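In what follows, a structure is listed as structure tokens, so that the remarks can point back to it.
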């Protein structure tokens, strides 16, 4: 019990700092959700449970399931997508599926979940709607938490630049400027690739 409390407090401080640093306006329940998500994924079994099936297959099962099963599966897809995109975005550079896939799958799943809860619990509708609508911003929050946990390196300029090219977040832009690099907003990304 003590470990869970310490882990939760640790992630609460990290998430609060990242949200404040990135100047994201969000509801307190969303912050709590992010902290709880990170605390749950400390358990390796939770991560392993979802590693065996591609998200698109889980999405197919969700779309063809009953209402209760849909709620469970869409939540799992959203949570796994948010965690993976936030904490392991660097590893997608070497995979056939990139971080955009996880961002889309997560955003879509939370949106489905919001719509499933609209008529029953408005608090859940608001929570999942915000997670869906600001998914990319929350991925960036988890990336910052990941960097503070030393799971990724802020010093890797190329990775920061690649993240900025994909996500165009203000935080990545600030990091690049801090490193002496001026991001070009009018640059066509297809020219680079």
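Residue numbers (my numbering): 77 to 269. C-beta: ideal position from N, C-alpha, C; glycine also. If you're wondering where the values come from, they're calculated on a predicted model, not measured in any experiment.
Residues near residue i in its chain [Cβ-Cβ closer than 8 angstroms; skip 5 each side]
i	result
residue 192	143, 146, 147, 150
residue 176	242
residue 109	203, 207
residue 92	107
Same chain, Cβ closer than 6 angstroms to residue i, five either side skipped, listed in chain order
i	result
residue 202	none
residue 183	208, 211
residue 115	83, 84, 87
residue 200	193
Whether residue i touches residue j by CB criterion (8 angstroms)
i	j	result
residue 222	residue 162	yes
residue 220	residue 98	yes
residue 236	residue 212	no
residue 94	residue 215	no
Beta-carbon proximity list for residue i, same chain, < 7 angstroms, skipping 5 on both sides
i	result
residue 88	111
residue 206	102, 103, 106
residue 249	240, 259
residue 181	131, 135, 153, 157
residue 261	none
residue 227	In this prediction, residue 227 scores a pLDDT of 49, lower than 50, which makes its location untrustworthy; the coordinate-derived value is nonetheless stated afterwards. Only 163 meet the Cβ criterion.
Integer Cβ distance of residue i from residue j, believed to fall under 8 angstroms
i	j	result
residue 131	residue 157	7 angstroms
residue 224	residue 90	6 angstroms
residue 113	residue 159	6 angstroms
Is the region 186-200 touching the region 145-156, taking contact as three or more C-beta pairs under 8 angstroms?
-> yes
So, do the region 240-259 and the region 126-139 have three or more beta carbon pairs nearer to each other than 8 angstroms?
-> no
Run through the region 133-158 for me and flag every whole beta strand (DSSP E) of 3 or more residues, listed as ranges in chain order.
-> none
Please specify which runs of the alpha helix (DSSP H), each continuous and at least 4 residues long, are wholly inside the region 189-252, giving them in chain order.
-> Correct list: 198-209, 211-224, 233-243.
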